[in-house]
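K.L.:
Residue numbers for the sequence shown, in this note's numbering: 755 to 829. Note that beta-carbon positions come from the ideal geometry of N, C-alpha and C, so glycine has one too.
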Amino acid sequence: KSISQHLKNDEFIRIRVGVGKPPHADQGKNWVLRRPSPDDRSMLDRGVETGVEAARLVIENGVDLAMNEINGRQL
Numbered sequence: 755k756s757i758s759q760h761l762k763n764d765e766f767i768r769i770r771v772g773v774g775k776p777p778h779a780d781q782g783k784n785w786v787l788r789r790p791s792p793d794d795r796s797m798l799d800r801g802v803e804t805g806v807e808a809a810r811l812v813i814e815n816g817v818d819l820a821m822n823e824i825n826g827r828q829l
C-alpha cells in the first residue's frame, strides 16, 4: 500500500512471495510477523531467490512469459 501511495498510482508490476497460511484463521497477523523457524526461513530464502529470478524474467521476457515460467514451478 505504501508503494502505491508514494507513486500515487498502482501501475507497476508486483512480484509476490507467499508465506503460507496460519493453522488457524485468527492467527494471520502473528503468522506473518513472527520470527520464522529454521525450516520456514529456508523456504522464505528460496522464495526470495525465486522472486529475484521472476524480476529478471519480467525484465528480459515480459510479464506473461515470466508468470508462465515461475508459476509452473514447485517450491
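At the level of alpha carbons, what is the spacing between M797 and L761?
P.N.:
The alpha-carbon atoms of M797 and L761 are separated by roughly 31 angstroms.
K.L.:
How should A820 be labelled, buried or exposed, when 16 other C-beta atoms within 10 angstroms of its C-beta is the threshold for buried?
P.N.:
Label assigned to A820: buried.
K.L.:
Residues in its own chain within less than 8 angstroms of I769 by CB, not counting five upstream and five downstream?
P.N.:
G805, A808, A809, V812.
K.L.:
Using the Cα positions of D780 and S791, report the straight-line distance between them to the nearest angstrom.
P.N.:
Approximately 20 angstroms, taken between the alpha carbons.
K.L.:
Contact defined as beta carbons within less than 8 angstroms: I believe I767 pairs with V817. What is the distance between those atoms, to the nearest angstrom?
P.N.:
The pair is a contact, with the Cβ atoms about 6 angstroms apart (cut-off 8 angstroms).
K.L.:
Measuring CB to CB, does V786 end up less than 8 angstroms from V771?
P.N.:
Contact flag unset, no.
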